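Q:
Protein chains in written order, with our numbering: chain A, 1 to 163; chain B, 1001 to 1361; chain C, 2001 to 2103.
Structure (structure tokens):
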């Protein structure tokens, strides 16, 4: 049962990712990305992390993508048109991406990607909180709140018409 | 010869889903009638009173009318998005009900005295079984609701954008801005409740409010309850926060171009959201199925009565608000969401956290 | 929940997503779509983190995913603000139009 869910979600994720990079209209790409994010959330849940799965939907699919859609609709973005003299670059882009993929996979094989799962895995929110607020990660946690504040102020200032 | 546990679970899950969805859809149609009559009385008029006695058959008449109306789709609309929007809206509305408990745990009666001809109707594996009408027991139940609320924005955004109509787009954008602004306040109001109960599961939070009624979270966490109520009203886009539909301002807002059954689906999504929010408020803040007095029974049938009464009272308050308050302007709406609710909720979380830390010591 | 090949296949999926994201960054001409492909890459990385966290039995990977999401949110906000400013300046969202600093 879990296996069916995993492979179906993986297939949906890959299919919508292909739609994201292939569709001409950015809004279609945005909706396809939302589908990808939700299927990834299912996979996170299957990998034993319910907290991250829910967080993925809340933060990524529910907030970041809404922001993207907002900007797309406000700027009234139309379909992309093919540019002249683009052929050579497409080929080079595809080749570079494939090389990256190959290098990464080779790296994973060389390092020895783990094959199984650890027997005991307590991924409850309480455990996550214990780690997040432990001295190991506490400063990072507080620093991210400052980061978000900086991003907030930066976004407001950058998007203003006149300073 | 009882079926295997897996089949038993499946059957029970299917029955629970059927009961919950059936009750919700039934409640949706009854709510439309109640809302129109109650609003009418508040506005010193009568409301629907011709279709059947007291106009009770009005929802059925509406349903028949909507069923036979012509489905119009604007020529320049994005066809797939236009068709998908009501589906997304209703799907997310119904998904949220999967983790809510709809009443207390109860024990099925044994009914051993059934005549043997009817014994097959009440199989052995069902007799005396305890259960609760909650479809899914998720570890992070409350966060799941939050996630579904976040996804609920997309139904409206899709509806507004796909119709290729400036009023619809404006309504859609306003609505999505409103919804995710108030989502923050909604989420922050939960935190105090979660801290007090020590769990994300809603059934645990309800049980933490057992006892006298002054232990309900509505009194213990009064600011959080008020923030929740305002944020929830804005989240389901009810008056006074119904600018996205803005009946008198931007035609019909994001559902301008929808007719017939698709419009009915969007309305259904809105009412189901409203019912979900009321159920959540009852469970989180009003003690769920616990009567406020330790002597009175709270499990089984009496629990359902208390629970149902509280949900109905909250739904009536929603209707009451609709009949009483004027609509907020968009900038006032944003001001309240960001500059009033979020600071209040954040400060209250600080206070609650201090309380819990001191008490835990 | 313990199908033994989940972790391996999840890592493979994360590689595929990362590769597709890179492909998108190179191929697409609209700035916002490029940003979306960057988000796709980040998601691939998140999946890898979660898979490794599952394999190792600790939660450190998931905590890192938490931080990656936070940073991605901040980056998306600032990136989109820049896009709005760019659009206001040049009235186009074509990547090739912004070549003042080239060469």
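Backbone N, C-alpha and C fix where the C-beta goes; we use that ideal spot for every residue, glycine too. All figures in this text were calculated on a predicted structure; none of them were measured in a lab.
In this structure, does DSSP put residue 1292 of chain B in helix, strand or coil?
A: Three-state result, residue 1292 of chain B: coil.
Q: Determine the closest residue to residue 70 of chain A out of B:1176, B:1289, B:1270 and B:1310, with distance taken between C-alpha atoms.
A: Nearest option by C-alpha distance: B:1176.
Q: Alpha carbon to alpha carbon, how far is residue 1280 of chain B from residue 1241 of chain B?
A: Rounded to the nearest angstrom, the two C-alpha atoms are 19 Å apart.
Q: Just the Cα atoms here: how many angstroms apart are residue 2001 of chain C and residue 1066 of chain B?
A: Summary for residue 2001 of chain C: the model assigns pLDDT 48, below 50, so the residue's position carries little reliability; its value from the coordinates is reported in the next sentence. When rounded, the distance between both Cα atoms is 46 Å.
Q: If you reduce the DSSP assignment to three classes, tell me which class residue 1198 of chain B lands in.
A: Three-state result, residue 1198 of chain B: coil.
Q: One question on the structure: do residue 58 of chain A and residue 1150 of chain B come within less than 7 Å of each other, judged by their Cβ atoms?
A: Cβ atoms of residue 58 of chain A and residue 1150 of chain B: closer than 7 Å.
Q: Please check if any C-beta of chain A sits within less than 7 Å of the C-beta of residue 2001 of chain C.
A: Annotation note: pLDDT 48 at residue 2001 of chain C (below 50); position unreliable, no value reported.
Q: Are the Cβ atoms of residue 2087 of chain C and residue 2093 of chain C separated by less than 7 Å?
A: Cβ atoms of residue 2087 of chain C and residue 2093 of chain C: closer than 7 Å.
Q: Taking Cβ to Cβ, would you say residue 2011 of chain C is nearer than 7 Å to residue 2051 of chain C?
A: Contact flag set, yes.
Q: From residue 1199 of chain B to residue 1303 of chain B, what does the alpha carbon distance come to, in whole angstroms?
A: For residue 1199 of chain B and residue 1303 of chain B, the distance between alpha carbons rounds to 22 Å.
Q: Quick one: which chain B residues come within Cβ less than 7 Å of residue 44 of chain A?
A: Near residue 44 of chain A there are no residues of chain B at all, since even the closest Cβ is about 12 Å away, more than 7 Å.
Q: With 7 Å as the limit, tell me which residues of the region 124–146 of chain A have their beta carbon closer than that to any beta carbon of chain C; keep them in chain order.
A: Correct list: 127, 128, 131, 132, 137, 140 and 144.
Q: Kindly indicate if chain C contains any beta-carbon less than 7 Å away from that of residue 48 of chain A.
A: Yes, contact with chain C.
Q: Taking contact to mean 3 or more Cβ pairs, one atom from each stretch, closer than 8 Å, check whether the region 1281–1288 of chain B and the region 1304–1321 of chain B are in contact.
A: Verdict: yes, contact present.
Q: Taking the beta carbon of residue 2030 of chain C as the centre, do at least 16 other beta carbons fall within 10 Å, making it buried, or is it exposed?
A: Label assigned to residue 2030 of chain C: buried.
Q: Using a C-beta cutoff of 7 Å, does residue 2054 of chain C count as contacting chain A?
A: With 7 Å as the cut-off, residue 2054 of chain C counts as an interface residue toward chain A.
Q: Can you list, in chain order, the residues of its chain whose CB lies under 7 Å from that of residue 1008 of chain B, leaving out five sequence neighbours each side?
A: Closer than 7 Å at the Cβ level, and outside the excluded window around residue 1008 of chain B, lie 1125.
Q: Distance check for residue 1049 of chain B and residue 55 of chain A, CA to CA, integer angstroms please.
A: One C-alpha to the other measures close to 48 Å.
Q: Within 10 angstroms of its Cβ, does residue 1201 of chain B collect 16 or more other Cβ (buried), or is it exposed?
A: By the 10 Å Cβ count, residue 1201 of chain B comes out buried.
Q: The alpha helix (DSSP H) spanning residue 1018 of chain B covers which residue range?
A: Element bounds for residue 1018 of chain B: 1005–1042.
Q: To the nearest angstrom, how far is the alpha carbon of residue 165 of chain A from that of residue 1354 of chain B?
A: Nothing in the structure corresponds to residue 165 of chain A, since chain A is present only between 1 and 163.
Q: Going along chain A, which residues have a C-beta under 9 Å from residue 1154 of chain B?
A: Under the 9 Å cutoff, chain A gives 31, 34, 61, 62, 65, 66 and 69.
Q: Within 7 Å (strictly less), CB to CB, does residue 28 of chain A reach chain C?
A: No, no contact with chain C.
Q: For residue 128 of chain A, which residues of its own chain have a beta-carbon under 6 Å away from its beta-carbon, when the five flanking residues on both sides are left out?
A: Taken in chain order, the residues that qualify are 51.
Q: Hey, residue 36 of chain A and residue 22 of chain A: beta-carbon distance below 7 Å or not?
A: Result no, Cβ atoms of residue 36 of chain A and residue 22 of chain A do not sit closer than 7 Å.
Q: For residue 94 of chain A, which residues in chain C fall below 9 Å Cβ to Cβ?
A: The answer, in chain order, is 2023, 2026 and 2027.
Q: On the criterion of 16 or more Cβ atoms from any shown chain inside 10 Å, does residue 1216 of chain B qualify as buried, or is it exposed?
A: Per the 10 Å Cβ criterion, buried.
Q: Kindly indicate the opening and closing residues of the alpha helix (DSSP H) around residue 57 of chain A.
A: Per DSSP, residue 57 of chain A belongs to no alpha helix (DSSP H) and is neither H nor E.
Q: Please report how far the alpha carbon of residue 44 of chain A lies from the alpha carbon of residue 2046 of chain C, in whole angstroms.
A: Cα to Cα, residue 44 of chain A sits roughly 9 Å from residue 2046 of chain C.
Q: Under a CB-based cut-off of 7 Å, is residue 2077 of chain C close to chain A?
A: It does; some Cβ of chain A falls within 7 Å.
Q: Among B:1090, B:1243, B:1070 and B:1193, which one has its Cα closest to the Cα of residue 1260 of chain B?
A: If we check each option's Cα against that of residue 1260 of chain B, B:1070 comes out closest.
Q: Assess, as a yes-or-no matter, whether the region 1101–1109 of chain B is touched by the region 1176–1194 of chain B under the definition of 3 or more beta carbon pairs within less than 8 Å.
A: No, they do not touch.
Q: Within 6 Å: the Cβ of residue 2068 of chain C and any heavy atom of the ligand NAP?
A: This structure simply doesn't include the ligand NAP, nor any ligand for that matter.
Q: Compare the Cα-Cα distances from residue 1093 of chain B to each of B:1195, B:1267, B:1139 and B:1297 and report the closest residue.
A: Measuring from the Cα of residue 1093 of chain B, the nearest candidate turns out to be B:1267.
Q: Using a Cβ cut-off of 7 Å (strictly closer), state whether residue 2098 of chain C contacts chain A.
A: No, no contact with chain A.
Q: Can you confirm whether residue 2013 of chain C, when its beta carbon is compared against all beta carbons of chain A, has any partner nearer than 7 Å?
A: True, the Cβ-Cβ gap to chain A drops below 7 Å.
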